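Heads up, the thing below is written out as structure tokens.
In the UniProt record's numbering, the protein residues as written are 1 to 727.
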């Protein structure tokens with residue numbers, strides 16, 4: 001068996017160099033790194049993980065405790081957690097308790113004896129002392145609130161409300177909830193509470209039919225249900241609290257014989273495949289995302305001593321035949337947007353905004369569109385559907401879509417190092433001192449620096465924690481402009497950026513920066529196409545979109561359609577015409593295609609993209625640009641601890657930062673649902689994507705440097721829109 005000495009000899013380097021490469025520590029050239037990796041492969045060398053673990057006082061193992069592996073819910077959780085653990089260098093040890101307290105106690109002791117670094121916990125047991133008093137391991141709980149521990153759950157209360165609303169829309173007045181008794185301390189109890197409270201608000205009288213047998217006992221469950229119908233004969237709709245239980249009812253010979261569900265609307269909960277096979281409407285939990293979020297949080301607590309946090313992910317209604325056949329029709333006609341129109345029309349008088357456009361879609365239908373103002377400085381030409389707006393940072397949503405496509409296709413992974421695709425980001429230096437602000441200036445190479453402890457990863461770029469700046473006028477960037485006569489390509493600019501030290505250690509702070517621009521360059525490399533061509537072929541053309549441009553001012557036919565750009569006067573609420581300085585946006589050169597701020601387009605073009613995202617990745621024309629699973633990942637928050645505090649400085653109250661987008665995590669501060677995501681742009685564009693209700697909102701104005709767009713106008717647009725839609 002080859003040893004580290006053999007590798008060093010074969011690669012003609014020192015043992016210390018091999019050690020630095022294995023442990024990703026210290027400066028090593030890409031050439032030397034490649035030589036060592038080649039030697040390791042040639043000699044079939046495997047690092048001694050146990051010895052490394054003992055040295056680091058880490059086992060790189062995580063325990064996952066579940067009550068059962070029979071139920072598909074836990075299968076999805078396990079798959080997600082294992083995927084993240086593998087990407088982050090951890091092995092997963094699976095423990096099944098059968099909901100037995102003695103078993104669970106033994107499992108915890110066994111995991112401690114095996115020196116696991118932490119535990120992901122799915123427990124329904126009442127006694128939590130085993131976790132709060134008898135172990136010091138980091139623990140992340142799923143669907144269970146335990147004092148002092150992080151918890152990952154879905155919005156059960158909202159799910160119960162969605163179920164009640166669906167049965168109400170199906171014409172029910174006396175629905176019944178069928179499910180087992182859930183302990184008060186379990187988060188899933190919220191779905192029962194939400195259902196009954198929403199039924200009461202809607203004027204329905206709801207009943208509870210308890211399950212007193214094992215959930216997988218089909219005929220006994222059917223007997224419980226039939227006894228409940230005898231007790232409440234007025235029942236005209238059913239909410240079953242789990243897909244597996246609903247499937248047992250559907251497949252019961254007694255239920256089939258009586259043809260009950262040919263007469264009553266029914267929906268269930270979880271979003272498992274069995275509900276699709278049987279045509280049952282369901283409130284779908286983001287099960288995979290819950291498992292992934294738990295693994296991400298636990299590894300952060302292990303590696304970075306991250307603070308504990310409570311994460312609530314959104315649920316969504318999937319409507320199928322079991323309720324759709326009873327629907328009374330859509331409620332779009334009942335919506336009244338007069339208040340929103342009045343507010344939009346007031347923006348010129350109140351703030352001096354010269355032109356605005358707003359479009360709202362729901363389930364691919366345009367339910368609201370209103371525009372007002374002028375496209376030119378002279379105020380002679382009204383804006384129209386053909387008007388092109390500079391989107392600035394609203395571009396980021398589209399870049400995130402492109403990156404997620406590459407992850408889906410297996411071309412890149414969340415935890416890949418960026419230097420794998422862009423070698424110029426190999427061994428980066430980091431400034432010894434960092435001052436948070438915007439924009440953060442690039443450190444100078446002459447200033448005190450050290451080698452980065454970790455390489456920049458794809459996820460660091462997606463979460464704005466890559467250590468980069470948003471200063472596009474740094475000396476290295478100016479130099480490449482001059483050298484190429486302002487014709488440098490995106491890759492050439494990336495090489496210039498990579499010459500500069502990072503502002504902070506990757507993955508430790510949130511700082512708004514050029515991360516999305518670097519991601520666009522990664523997409524170019526893995527796709528083999530110029531970024532604009534990639535977007536055209538993989539997003540725009542499939543959705544039937546034509547009106548997106550990186551340099552609209554370079555051609556007469558598009559230049560004449562670009563809306564006049566204004567700017568706010570610093571320190572005042574006044575607005576003036578832009579003198580041309582900002583018209584190029586963040587286009588560093590004539591050939592540069594900025595993935596973070598470079599696109600321009602029409603309202604209809606942008607709306608078509610976010611309409612696809614809010615409908616699970618499928619456009620109005622049926623074209624799929626992302627899987628539903630990938631879209632749901634956008635609703636997962638990633639900022640924690642110090643990064644969360646950094647993001648709070650952006651003023652987006654109630655939101656955290658996810659994979660390149662803001663994510664609503666606290667429903668107290670918005671009329672939109674938890675899990676709504678999107679971003680905005682420097683000229684005041686605002687994108688909202690609501691995957692729960694399949695709603696998209698796109699609002700656009702054309703005034704750069706006007707802070708009240710973000711602190712006042714955007715929140716107002718959001719909340720008034722949801723009021724008009726009946727929340």
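We put the CB at the ideal spot given by N, CA and C, even for glycine.
Quick caveat, the model's predicted, so the values are computed rather than measured.
8 Å contact criterion, which residue i and residue j should meet: CB distance rounded
| i | j | result |
| --- | --- | --- |
| residue 62 | residue 94 | With 8 Å as the limit, residue 62 and residue 94 do not qualify as a contact, their Cβ atoms being about 10 Å apart. |
| residue 315 | residue 155 | 5 Å |
| residue 605 | residue 545 | 5 Å |
| residue 514 | residue 469 | 7 Å |
| residue 578 | residue 566 | 6 Å |
| residue 166 | residue 19 | That belief does not hold up - the Cβ atoms of residue 166 and residue 19 are roughly 59 Å apart, past 8 Å. |
| residue 646 | residue 511 | 7 Å |
| residue 293 | residue 270 | Not really, about 17 Å apart at Cβ, beyond 8 Å. |
| residue 311 | residue 266 | Contact flag wrong, Cβ pair sits at about 30 Å. |
| residue 140 | residue 297 | 5 Å |
| residue 638 | residue 593 | Between residue 593 and residue 638 the Cβ distance is about 26 Å, and since that is not below 8 Å, they are no contact. |
| residue 518 | residue 461 | 5 Å |
Contact under 8 Å by Cβ, residue i with residue j
| i | j | result |
| --- | --- | --- |
| residue 359 | residue 698 | yes |
| residue 89 | residue 114 | no |
| residue 539 | residue 398 | yes |
| residue 313 | residue 290 | yes |
| residue 654 | residue 665 | yes |
| residue 706 | residue 588 | no |
| residue 455 | residue 502 | no |
| residue 496 | residue 522 | no |
| residue 161 | residue 198 | yes |
| residue 617 | residue 631 | yes |
| residue 689 | residue 614 | yes |
| residue 627 | residue 273 | no |
| residue 465 | residue 643 | yes |
| residue 305 | residue 148 | no |
Environment of residue i [buried if 16+ CB atoms lie within 10 Å]
| i | result |
| --- | --- |
| residue 300 | buried |
| residue 679 | buried |
| residue 251 | exposed |
| residue 12 | exposed |
| residue 127 | exposed |
| residue 702 | buried |
| residue 520 | buried |
| residue 325 | exposed |
| residue 373 | buried |
| residue 383 | buried |
| residue 203 | exposed |
| residue 718 | buried |
Pairwise C-alpha distance: residue j and residue i
| i | j | result |
| --- | --- | --- |
| residue 29 | residue 35 | 10 Å |
| residue 191 | residue 442 | 49 Å |
| residue 152 | residue 70 | 21 Å |
| residue 656 | residue 253 | 48 Å |
| residue 330 | residue 363 | Residue confidence is low: residue 330 scores 41 on pLDDT, short of 50, so the model does not pin down where it sits. Its coordinate-derived value is still stated next. If you take the alpha carbons of residue 330 and residue 363, they lie about 11 Å apart. |
| residue 107 | residue 136 | 15 Å |
| residue 730 | residue 385 | Given a span of 1 to 727 for the chain in the structure shown, any question on residue 730 remains unanswerable. |
| residue 235 | residue 245 | 18 Å |
| residue 534 | residue 175 | 50 Å |
| residue 74 | residue 22 | 34 Å |
| residue 380 | residue 564 | 12 Å |
| residue 320 | residue 227 | 27 Å |
| residue 557 | residue 349 | 32 Å |
| residue 328 | residue 414 | Because residue 328 carries a pLDDT of 49, less than 50, the predicted location of this residue cannot be relied on, and the following value inherits that uncertainty. Near 44 Å, if we compare the C-alpha coordinates of residue 414 and residue 328. |
| residue 262 | residue 122 | 36 Å |
| residue 440 | residue 504 | 10 Å |
Residue i - DSSP class collapsed to helix/strand/coil
| i | result |
| --- | --- |
| residue 725 | coil |
| residue 370 | strand |
| residue 228 | helix |
| residue 534 | helix |
| residue 431 | strand |
| residue 9 | helix |
| residue 698 | strand |
| residue 365 | strand |
| residue 449 | strand |
| residue 175 | strand |
| residue 118 | strand |
| residue 268 | strand |
| residue 678 | strand |
Heavy atom of the ligand PLP within 7 Å of residue i beta-carbon
| i | result |
| --- | --- |
| residue 19 | Within the structure as shown, the ligand PLP is missing, as the structure has no ligands at all. |
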